[in-house]
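Q: Dumping the structure here so I can ask a few things about it.
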Amino acid sequence: MTSQGVSAWAEALGAHPRRAWVPGLPLRGLLSTELNPSRGARMGNSALRAHVETAQKTGVFQLKDRGLTEFPSELQKLTSNLRTIDLSNNKIESLPPLQIGKFTLLKSLSLNNNKLTVLPAELCNLKKLETLSLNNNHLRELPSTFGQLSALKTLSLSGNQLGALPPQLCSLRHLDVVDLSKNQIRSIPDTVGELQAIELNLNQNQISQISVKISCCPRLKVLRLEENCLELSMLPQSILSDSQICLLAVEGNLFEIKKLRELEGYDKYMERFTATKKKFA
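Mind the numbering: the sequence shown is residues 1 to 281 in my numbering, read in order.
Dropping the structure here:
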């Protein structure tokens with residue numbers, strides 16, 4: 001498990017089991033080379049050139065809150081240098097297919113709070129990518145080849161327009177943390193049983209049905225389902241009695257939390273919760 005995953009899990013288990021919530025995991029460790037915001041959103045060629053030169057030395061290109069409408073073409077000079085790209089809080093609508101897949105050493109890509117509507121298939125050529133953060137865009141689906149991101153550990157897609165759990169995620173064998181909160185997902189299909197994630201955040205969707213197969217996820221420890229459309233009868237009891245899940249967050253659905261405690265298997269769930277809480281104490 002990644003250090004971020006462990007810390008978030010430990011924090012979650014320190015909360016009350018019936019009212020557990022942990023914020024989305026932030027990206028850490030990014031070396032900031034951001035220009036002074038007071039210089040305005042528009043950048044001159046000389047300023048951008050200097051910024052690229054710095055990134056060539058550090059392996060990190062971070063340019064946030066600059067009003068960019070396009071992925072900087074100047075980065076094509078750094079396809080074999082960059083390990084981190086952060087272009088969050090801009091107005092980028094698309095990624096250049098012929099360029100994005102050439103960053104062979106890239107480990108972290110962050111494009112939060114942009115205007116992306118689709119991801120090019122070439123993005124899936126990034127075989128060393130470990131962290132992908134695309135919160136608050138306009139994505140409706142992932143490329144069919146998304147499962148080729150074989151090194152991916154952390155995926156953040158909160159605040160998009162996904163209507164279903166992407167089946168491609170089940171092909172990612174090293175995936176630890178998945179954040180799909182604030183989308184438009186209505187049901188969780190049988191394919192979820194193949195998901196390798198340790199933490200799955202589905203808060204603030206429209207989920208009313210969950211496959212019993214979710215209990216078969218081999219590594220799933222933290223499941224967040226707050227503020228959905230779940231009736232208690234649609235929550236598989238096997239989550240409580242026959243899964244690895246030790247933190248289940250279900251506040252804000254169509255049932256009273258006290259009714260959850262009456263379900264068969266709740267005692268087994270609490271045993272897992274308590275044992276894990278002691279482990280991280």
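Cβ coordinates follow ideal geometry from the N, Cα and C atoms, glycine included.
In three-state terms, what does DSSP make of Phe61?
A: In this structure, Phe61 counts as strand in the three-state DSSP scheme.
Q: On the three-state DSSP scale, how would you describe Val178?
A: In this structure, Val178 counts as strand in the three-state DSSP scheme.
Q: Using only CA atoms, which one of Glu226, Ala275 and Asp242 lies nearest to Glu256?
A: It is Glu226.
Q: When the Cα atoms are used, what is the spatial distance from Phe273 to Ile210?
A: Computed Cα separation, rounded: 21 angstroms.
Q: Assuming Leu109 contacts Leu129 under a Cβ cut-off of 8 angstroms, what Cβ separation, rounded to an integer in Å, is found between them?
A: Indeed they touch by this definition, with Cβ atoms about 6 angstroms apart.
Q: Within 10 Å of its beta-carbon, does Pro97 have 16 or more other beta-carbons around it, so buried, or fewer, so exposed?
A: Exposed.
Q: Do the stretch 195 to 204 and the stretch 217 to 234 meet, that is, are 3 or more Cβ pairs less than 8 angstroms apart?
A: At 8 angstroms Cβ cutoff, the stretches touch.
Q: At which residues does the alpha helix (DSSP H) containing Glu271 begin and terminate?
A: Per DSSP, Glu271 belongs to the alpha helix (DSSP H) from Tyr266 to Lys279.
Q: Does the Cβ of Phe61 have 16 or more other Cβ atoms within 10 Å, making it buried, or fewer, making it exposed?
A: The residue is buried, with at least 16 neighbouring Cβ atoms inside 10 Å.
Q: Counting along the chain, where does the beta strand (DSSP E) carrying Ile85 start and finish?
A: Run containing Ile85: Thr84 to Asp86, per the beta strand (DSSP E) assignment.
Q: With respect to the beta strand (DSSP E) encompassing Ser133, which residues constitute its N-terminal and C-terminal limits?
A: Residues Thr131 to Ser133.
Q: Would you mind sorting Leu106 into buried or exposed? The rule is 16 or more other CB atoms within 10 Å of its CB.
A: The residue in question, Leu106, is buried, as its Cβ has 16 or more Cβ neighbours within 10 Å.
Q: Could you tell me the alpha carbon to alpha carbon distance between Ile245 and Leu220, rounded to whole angstroms?
A: One C-alpha to the other measures close to 6 angstroms.
Q: Looking only at DSSP bridge pairs, what is Ser215 linked to?
A: Looking at the DSSP assignment, Ser215 forms no beta bridge with any residue, so it has no partner.
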